[in-house]
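Everything on this sheet refers to the single structure shown next.
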Amino acid sequence: MKKKTILLLFLFFSLTSYSQIDSTKVSFVAYWSIGDDYDFKISKVKREWKNDVLTKKDSSQYIANFKVLDSTENSYDIKWTYKNNIVSTFQEKAEKLFDDKEAVNKILRKNDFSKVIYKTNELGEFIEILNWKELGESTKLLLQEMLDNFEKKNPEKVNELRNAMNPIIEIYSSKQGIEQLAINELQYFHFPFGLEYDITEPIEYEQELPNVLGGKPILADATLTFEEVDFENNFCSLKEQTIINPDDTKRVVKELFSRMKIEESKAKETIDNAIFDITDLNYYQYYYNPGVPHYIYGGRKFILKMEQTNIEKIEELYIELIYDE
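Take 778 as the starting number for the sequence shown in this note's numbering and just add one per residue.
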């Protein structure tokens, strides 16, 4: 009887120990299945001040769909579809650059930016966009056609604009440009995946941000903090604060100016003496199992201080899960 009692106690404590949850760690691992399907509302707001006066305010909103196309031991294939048939970022930048909304809309209707196919690893970490060549070629044709359209109206200025636009076309039609700039919401969506996090104290680390011009990455100092964890519902909230290295920022801006053939000594001197201050503040609310965001906020503040002009820009991105009613 004594041996049976000891055995039962052993089994009880073994089961209790096995069922305990480690309340100090959270693992972000994707548990998706083929056919999983979620809609998200994407909102973007951009504001700009010059010497403390608001000079620009732009906003856009659209619906995107996340669908798992394939699942293997090593990867997932995902389709990210824009339900309004336009990658909004392209439209925003094109309208701003060419100041001709009607022409931009007409050209955009001829190019399909509505579907992005991409791959993650088995943990849900973003790997690459699979149809980037198709998207890149559409981008190149789009910008080239808008340049041709601009030339008809402003033939005397087209060479200057072409010099400025060539590196932009190169960036936005490249694999890295498509992934990091044109469809940047995917970088936020997959940011937490692939790691087990200690939630008991802030996590400090150095980031290497991709340089879309190629070459050395841009360094940044970041801190990640878990603000809430609900183990029962596999839900958590976390905050990421990032300070981007100002010297690296200046280096990339000078390189871009060089590629755009902006060679005036005055412009170079202005950049050399300028002070750059870029900070990111991002919030993530996630069902870490199965790996679906409830809400994501991505905010970037850009401050440029020059001799007589101070410019401040704030770019905000919102990703919100749409629940079935």
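Ideal Cβ positions, reconstructed from N, Cα and C, are used throughout, including at glycine. Please read all numbers here as calculations on a predicted model, not as lab measurements.
Cβ neighbour criterion (16 or more within 10 Å) applied to residue 912
The residue labelled residue 912 in the question sits at position 135 within the sequence shown. Classification of residue 912: buried, given that the 10 Å Cβ count is 16 or more.
Three-way DSSP call (helix, strand, coil) for residue 811 in this model
For this step, residue 811 is matched to residue 34 along the sequence shown. Reduced to three states, the DSSP call for residue 811 is coil.
For residue 980, collect the residues of the same chain with a Cβ closer than 8 Å to its Cβ; drop the 5 residues on either side in sequence, then sort them by chain order.
By 1-based counting over the sequence shown, the position of residue 980 is 203. Excluding sequence neighbours, residue 980 sits near 974, 1000, 1001 and 1002.
To which residues does DSSP link residue 1024 through a beta bridge?
Within the sequence shown, the letter at position 247 stands for residue 1024. Partner(s): none; residue 1024 has no beta bridge.
With H, G and I counted as helix, E and B as strand and the rest as coil, what does DSSP make of residue 946?
Translated into positions along the sequence shown, residue 946 becomes position 169. It is helical.
Return the first residue and the last residue of the beta strand (DSSP E) that residue 837 is part of.
Taking the first residue of the sequence shown as 1, we reach residue 837 at position 60. In this chain, the beta strand (DSSP E) harbouring residue 837 covers 830 to 848.
Sub-8 Å separation of residue 1097 and residue 817 beta-carbons
Translated into the one-based positions of the sequence shown, residue 1097 becomes position 320. Translated into the one-based positions of the sequence shown, residue 817 becomes position 40. It is a contact, given that the beta carbons lie within the stated cut-off.
How is the beta strand (DSSP E) around residue 1054 delimited, first residue to last?
Within the sequence shown, numbered from 1, the residue matching residue 1054 stands at position 277. It spans 1052 to 1064 - the beta strand (DSSP E) in which residue 1054 sits, taken as one unbroken run.
Are the CB atoms of residue 899 and residue 852 nearer to each other than 8 Å?
Taking the sequence shown and counting its residues from 1, one reaches residue 899 at position 122. Taking the sequence shown and counting its residues from 1, one reaches residue 852 at position 75. In contact: residue 899 and residue 852 (Cβ atoms closer than 8 Å).
What is the rounded straight-line gap between the Cα of residue 934 and the Cα of residue 1080?
Taking the sequence shown and counting its residues from 1, the one referred to as residue 934 is at position 157. Taking the sequence shown and counting its residues from 1, the one referred to as residue 1080 is at position 303. Distance between the alpha carbons of residue 934 and residue 1080 is about 30 Å.
Grab me the residues of residue 1085's own chain with a C-beta within less than 6 Å of its C-beta, minus the 5 sequence neighbours each way, in chain order.
Within the sequence shown, residue 1085 is the residue found at index 308, counting from 1. Beyond the five residues adjoining it in sequence on each side, residue 1085 comes within less than 6 Å, by CB distance, of no other residue in the same chain.
Short check: CB of residue 977 to CB of residue 950, under 8 Å?
Indexing the sequence shown from 1 puts residue 977 at position 200. Indexing the sequence shown from 1 puts residue 950 at position 173. No; because the gap between Cβ atoms is not below 8 Å, this pair is not in contact.
N- and C-terminal bounds of the beta strand (DSSP E) containing residue 1000
Here residue 1000 corresponds to residue number 223 of the sequence shown, with the count starting at 1. Start and end: 995 to 1007.
Specify, as a first and last residue, the run of the alpha helix (DSSP H) that residue 915 falls within.
Mapped onto the sequence shown, residue 915 falls at position 138. Note, residue 915: alpha helix (DSSP H), 909 to 930.
Around the Cβ of residue 1113, are there at least 16 other Cβ atoms within 10 angstroms (buried) or fewer (exposed)?
As displayed, the chain neither begins before 778 nor continues past 1102, which places residue 1113 out of reach and without an answer.
Our contact map puts residue 1022 next to residue 996 with C-beta atoms below 8 Å; I'd like the distance itself, whole angstroms only.
Taking the first residue of the sequence shown as position 1, residue 1022 is located at position 245. Taking the first residue of the sequence shown as position 1, residue 996 is located at position 219. Contact check for residue 1022 and residue 996: beta-carbon distance about 4 Å, within the 8 Å limit, so the pair qualifies.
Reduced DSSP secondary structure (H/G/I, E/B, other) of residue 853:
Here residue 853 refers to the residue found at position 76 of the sequence shown. Judged by DSSP in its simplified three-state form, residue 853 adopts strand.
So the candidates are 891, 896, 838 and 942; which of them puts its Cα closest to the Cα of residue 1036?
By one-based count along the sequence shown, residue 1036 stands at place 259. When C-alpha distances from residue 1036 are compared across 891, 896, 838 and 942, the shortest belongs to 942.
I need the straight-line Cα distance from residue 1059 to residue 932, nearest angstrom please.
Along the sequence shown, read from residue 1 onward, the residue named residue 1059 stands at position 282. Along the sequence shown, read from residue 1 onward, the residue named residue 932 stands at position 155. Approximately 44 Å, taken between the alpha carbons.
Look at the alpha carbon of residue 998 and the alpha carbon of residue 1057, and state the distance between them as a whole number of angstroms.
If you number the sequence shown from 1, residue 998 lands on position 221. If you number the sequence shown from 1, residue 1057 lands on position 280. Distance between the alpha carbons of residue 998 and residue 1057 is about 10 Å.
Can you give me the Cβ contacts of residue 1071 inside the same chain, cut-off strictly under 6 Å, excluding the 5 residues immediately before and after it?
For the purposes of this step, residue 1071 is identified with residue 294 of the sequence shown, where counting begins at 1. Taken in chain order, the residues that qualify are 1062 and 1098.
Among 1064, 1011 and 1082, which residue has its Cα nearest to the Cα of residue 1103?
Any property of residue 1103 remains undetermined from this structure, which presents the chain solely from 778 to 1102.
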